[in-house]
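Protein sequence lines, in the order shown, are assigned to chains F and Z.
Position in the first sequence (first residue = 1) + 3 = the working numbering.
Position in the second sequence (first residue = 1) + 3 = the working numbering.
Just so it is clear, CB atoms sit at the ideal spot from N, CA and C, and this is done for glycine as well.
This structure is a prediction, so every number in the text was calculated from the model and none was measured.
There are 2 protein chains.
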Amino acid sequence: MKSEPNLKTVAKMANVSIATVSRAINYPDKVDPSTLSRINKIIKEINYRPNRVAQRLRIKGGHRKIFGLLVPDIQNPFYVDVIRGVEDYAYSRNYALLMCNFAQSKDKETMYLNIMKSESVDGMIVAPYDEFDKEVIDLLQKGFPIVCVDRGLGDYQDVDIILVDNEKGAYEAVSLMIKKGHKRIAYIGGLPSIPTSQQRKDGYVKALQKNNITIDDSLIKFGDSKHESGKEIARKLLSLKNPPTAIFTGNNLITLGALESIHASGKKIPQDVAIIGFDDMPWSISLNPPLTAVRQPGYEIGKRAADMLYQRIMDPDRAYSKVMLNTILIERNSC
Amino acid sequence: MKSEPNLKTVAKMANVSIATVSRAINYPDKVDPSTLSRINKIIKEINYRPNRVAQRLRIKGGHRKIFGLLVPDIQNPFYVDVIRGVEDYAYSRNYALLMCNFAQSKDKETMYLNIMKSESVDGMIVAPYDEFDKEVIDLLQKGFPIVCVDRGLGDYQDVDIILVDNEKGAYEAVSLMIKKGHKRIAYIGGLPSIPTSQQRKDGYVKALQKNNITIDDSLIKFGDSKHESGKEIARKLLSLKNPPTAIFTGNNLITLGALESIHASGKKIPQDVAIIGFDDMPWSISLNPPLTAVRQPGYEIGKRAADMLYQRIMDPDRAYSKVMLNTILIERNSC
DNA sequence: GTGAAAGCGCTAACAG
DNA sequence: CTGTTAGCGCTTTCAC
Chain F
4 MKSEPNLKTV AKMANVSIAT VSRAINYPDK VDPSTLSRIN KIIKEINYRP NRVAQRLRIK
64 GGHRKIFGLL VPDIQNPFYV DVIRGVEDYA YSRNYALLMC NFAQSKDKET MYLNIMKSES
124 VDGMIVAPYD EFDKEVIDLL QKGFPIVCVD RGLGDYQDVD IILVDNEKGA YEAVSLMIKK
184 GHKRIAYIGG LPSIPTSQQR KDGYVKALQK NNITIDDSLI KFGDSKHESG KEIARKLLSL
244 KNPPTAIFTG NNLITLGALE SIHASGKKIP QDVAIIGFDD MPWSISLNPP LTAVRQPGYE
304 IGKRAADMLY QRIMDPDRAY SKVMLNTILI ERNSC
Chain Z
4 MKSEPNLKTV AKMANVSIAT VSRAINYPDK VDPSTLSRIN KIIKEINYRP NRVAQRLRIK
64 GGHRKIFGLL VPDIQNPFYV DVIRGVEDYA YSRNYALLMC NFAQSKDKET MYLNIMKSES
124 VDGMIVAPYD EFDKEVIDLL QKGFPIVCVD RGLGDYQDVD IILVDNEKGA YEAVSLMIKK
184 GHKRIAYIGG LPSIPTSQQR KDGYVKALQK NNITIDDSLI KFGDSKHESG KEIARKLLSL
244 KNPPTAIFTG NNLITLGALE SIHASGKKIP QDVAIIGFDD MPWSISLNPP LTAVRQPGYE
304 IGKRAADMLY QRIMDPDRAY SKVMLNTILI ERNSC
């Protein structure tokens, strides 16, 4: 690979100093028009592009007005809502937003954490991989501005965080099912390693216990937060000799998968089997029948997280805040 | 945020030179064990991490192994598919992916183009704002590796590009409607400034002309690619004194909006009004009734675009390629 | 085994 | 307007 031309190359060819070339690029109006055009011609001719690594090394300090955002799954509309919230806030403050999807992979998360840091974002919003996310905690301890959303950091308290009351949301949903007369209620959660999967299960269990319904472990399943696993698990559940009469699905994509299996089984919703999904979706109302769902205020979460991040960047010493938002149970016709 | 510790910080604390610290990190066996352990302890203590920017500058090395991706609308599942395709490819090549959503805003696009460039991604994949996207063309002319997806660059030919045959896809969809007996067919497109909105309209017009159906301009509408505008336009269309018997919607979100209005109007699909959407969606099959849709191979587009980009980065002088993929008309029950 | 010093390519004072 | 120069944080000879 041919060696890249640099400032010196251009400077030599144009018979000027490297400083002038640098200026021609960064402050065109600060150089003589004729020099400028000569330099520009050469730049185009040899296809010179400034080495951005060097630029970055040189320009240090001060805010770059860029937020970073790390989401676990971009296919999940909930996170898309969060993204939009962050975007809108960022834009209103004149910040740009760089985002990465780590697709529920710890390795990718670590990789992106590093990249974002070294790409020198001013701070970032992240939905940590799990409660023991060492990399995130490390960054936090170093004083890097981070706001956690959707997932906490276990016992580690020195962090701004915003999440929803998953347990309560699940509790309300399952309580509704019980109220409608269901006793055999299944739960299909996302990845078991994800805190929210567990919290929603806890809510499910509590609702059952509160109503003196025996917990049947064969009705509690975890998938991998993907469409396929929801479909597969629901299929198995429905073909049990004593199948559930209601299914509470722990995330968006799983809901969709479960729906597909229910349709394929020929069972009618909600007569034969009821379903409530955790996470409402834009198209829930257009489903057949319209889906009863637990809505998380994703957009608001994003917006507030971005605001927290902004505040932290502006004042690194402020007290940490922890916000918990409530979900809303939206009753339609699937339960 | 406290300033990052650097080699000097560690060196001072360990009472050695920065060279030794550097060696301790890169060639541990080349330093005295006792010095090594002392240095390591300090590194851990103050949580020192080498500055990657500086490392990169020093280590003559070309690529950073980061792709950039600029999408116009992250709420549109089509782009999410594209993103996934790019991600998968990138990861398979050990590249990271930084993405930005410019939300159909020219200003944001320009901003992100600049940031990505200055964040020194090795190259980027972008769905340009429109066919006259000066910023993208500029970058291209400067030799920056860029692959365009979904939208072309007008007459500018020196670019790798991959898109779908929108006109043909629309033509097929509208032809199906005509075959089913519809004569009053409406088209609701996205932002008129977006090339695909026009191409889909062209396909719609051609199908009508081919079948000797008079074009009725009052049935051709453009929105802003958002859910709300689809809803609003469909509502107006349906309340016409001579309403359309079929609606062809030009993008995902508009389809959803139109669906909502159709449901609200009490009309039955497909008896009272048929609908075909451009862009299939993961949940199309779960809609009421299942939606007939024109599917764009988003994931494949993303994958191939990423491959094109990779090839271009590896060999900047290779010939430009232009790929056009076909859509697939998926017949379900809404038409 | 360790330190001093030379840059990597660039920007930003500071002089002229 | 333009050139000189001092680093940004790091790796790597080359001495000692």
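Residue environment, residue i, which counts as buried when at least 16 other CB atoms sit within 10 Å
i                 : result
Ile164 of chain F : buried
Glu334 of chain F : exposed
Asn255 of chain Z : buried
Leu243 of chain Z : exposed
Pro273 of chain F : buried
Thr330 of chain F : buried
Ala17 of chain Z  : buried
Met4 of chain Z   : Note that Met4 of chain Z scores a pLDDT of 49, beneath 50, so its modelled location is shaky; the value from the coordinates is reported in the next line. Its Cβ having fewer than 16 others within 10 Å, Met4 of chain Z is exposed.
Glu48 of chain F  : exposed
Gly184 of chain Z : exposed
Thr295 of chain Z : buried
Met327 of chain Z : exposed
Ala210 of chain F : buried
Pro195 of chain F : exposed
Inter-residue CB distance, residue i and residue j (contact presumed, cutoff 8 Å)
i                 : j                 : result
Thr258 of chain Z : Gly233 of chain Z : 7 Å
Arg154 of chain F : Ala130 of chain F : 5 Å
Tyr302 of chain Z : Asp84 of chain Z  : 5 Å
Leu101 of chain Z : Val124 of chain Z : 6 Å
Asn54 of chain Z  : Glu90 of chain Z  : At roughly 27 Å, the Cβ-Cβ gap does not stay under 8 Å, so Asn54 of chain Z and Glu90 of chain Z are not in contact.
Gln299 of chain Z : Val152 of chain Z : At roughly 11 Å, the Cβ-Cβ gap does not stay under 8 Å, so Gln299 of chain Z and Val152 of chain Z are not in contact.
Phe202 of chain Z : Glu170 of chain Z : A small fix is needed here, since residue 202 of chain Z is Gln in this sequence, not Phe. That pair is a contact at about 5 Å.
Span of the beta strand (DSSP E), counted from its first residue to its last, around residue i
i                 : result
Asp163 of chain F : 163 to 167
Asn43 of chain F  : Unbroken run through Asn43 of chain F is the alpha helix (DSSP H), 36 to 48; no beta strand (DSSP E).
Leu211 of chain Z : Where Leu211 of chain Z is concerned, there is no enclosing beta strand (DSSP E), although the alpha helix (DSSP H) it sits in stretches over 198 to 213.
Thr295 of chain Z : 295 to 298
Ile191 of chain Z : 188 to 192
Test: residue i CB closer than 8 Å to a CB of chain Z
i                 : result
Ser40 of chain F  : no
Leu338 of chain F : A small correction: the amino acid at residue 338 of chain F is Cys; Leu does not occupy that position in the sequence shown. No, its Cβ sits nowhere closer than 8 Å to a Cβ of chain Z.
Arg335 of chain F : no
Ser289 of chain F : yes
Arg298 of chain F : no
Arg238 of chain F : no
Ala93 of chain F  : no
Leu259 of chain F : yes
Extent of the continuous alpha helix (DSSP H) run through residue i
i                 : result
Met16 of chain F  : 10 to 17
Tyr82 of chain F  : 80 to 95
Ile2 of chain F   : In the structure as shown, chain F starts at 4 and stops at 338, and residue 2 of chain F therefore has no counterpart that could be examined.
Arg315 of chain F : 301 to 317
Val139 of chain F : 137 to 144
Interface flag, residue i vs chain F, CB-CB below 8 Å
i                 : result
Glu48 of chain Z  : no
Met16 of chain Z  : no
Arg114 of chain Z : According to the sequence displayed, residue 114 of chain Z carries Met and not Arg. At least one chain F Cβ lies under 8 Å of Met114 of chain Z.
Ile149 of chain Z : no
Pro285 of chain Z : yes
Ile278 of chain Z : no
Glu90 of chain Z  : yes
Arg87 of chain Z  : yes
Leu241 of chain Z : no
Asp320 of chain Z : no
Met4 of chain Z   : Low per-residue confidence applies at Met4 of chain Z: pLDDT is 49, beneath 50, and the placement is therefore not dependable enough to give any value.
Gly146 of chain Z : yes
Ala99 of chain Z  : yes
Leu332 of chain Z : no
Met102 of chain Z : yes
Arg96 of chain Z  : no
Arg59 of chain Z  : yes
DSSP beta-bridge partners of residue i
i                 : result
Tyr255 of chain F : One detail in the question is off: residue 255 of chain F reads as Asn in this sequence, not Tyr. Answer is none; Asn255 of chain F lacks a bridge partner.
Val56 of chain F  : DSSP, once it has assigned bridges, lists no residue as partnering Val56 of chain F.
Leu73 of chain F  : F:Cys103, F:Val129
Leu328 of chain Z : Z:Val167
Phe281 of chain F : F:Val297
Phe147 of chain Z : Beta-bridge pairing links Phe147 of chain Z to no other residue.
Ala249 of chain F : F:Ile188, F:Ala277
Lys224 of chain F : F:Ile191
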